[in-house]
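Visitor: For what it's worth, this note's numbering labels the leading residue of the sequence shown as 59, then goes sequentially. Note that the Cβ used here is the ideal one computed from N, Cα and C, for glycine as well. Note that the structure is predicted; figures quoted are calculated from it, not measured. Can you read through this structure? Questions will come right after.
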Amino acid sequence: MTASAPKLFYSINEVSEMFGVPDTTLRFWQRQFPQQISPRKTARGIRQYTAADLEQIRIIYNLIKVRGLKISAARELLKKNKKGTQQHLEILTRLNFLREELMDIKNELDSI
């Protein structure tokens, strides 16, 4: 079985599940961060998120939910240092991935 290609658009329900936040939170973040999150809307008003939107949501999620910043502080940080904020998130993501791999190796060694 081959891996499926990434989707072009994701529904608000899919994005909500990905990040473990209610869809109301995503709508709120869209209003608070209009420069970063701007999903396209269908003629019926249904939001369609792109991979770029997901990346921006990931950054905002990290600032607010992981680092505990208030909305105003997150907005200011993104405005002043967007590139640094993105790099910080990429480093954290890589470190978490490496941690998971190391834990898997440890568990395998422990079972020997």
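#1: Going by the beta-carbon positions, is the gap between L84 and V73 smaller than 8 Å?
#2: Beta-carbon within less than 6 Å of M59's beta-carbon, same chain only, minus the 5 sequence neighbours each way: which residues are those?
#3: Count the C-beta pairs between the stretch 125-134 and the stretch 99-110 that are closer than 8 Å, then say yes if the count reaches three, no if not.
#4: Using DSSP's beta-bridge definition, name the partner residues of R152.
#5: Thinking C-alpha only, which one of R102, E159, T151, K137 is nearest V124?
#6: Using DSSP with H/G/I as helix, E/B as strand and the rest coil, what is R125?
Guide: The answer reads as follows:
#1: yes
#2: With a pLDDT of only 44 at M59, under 50, the local geometry of the prediction cannot be trusted, and the value read off the model is given with reservation. There are no such residues.
#3: no
#4: Beta-bridge pairing links R152 to no other residue.
#5: T151
#6: coil
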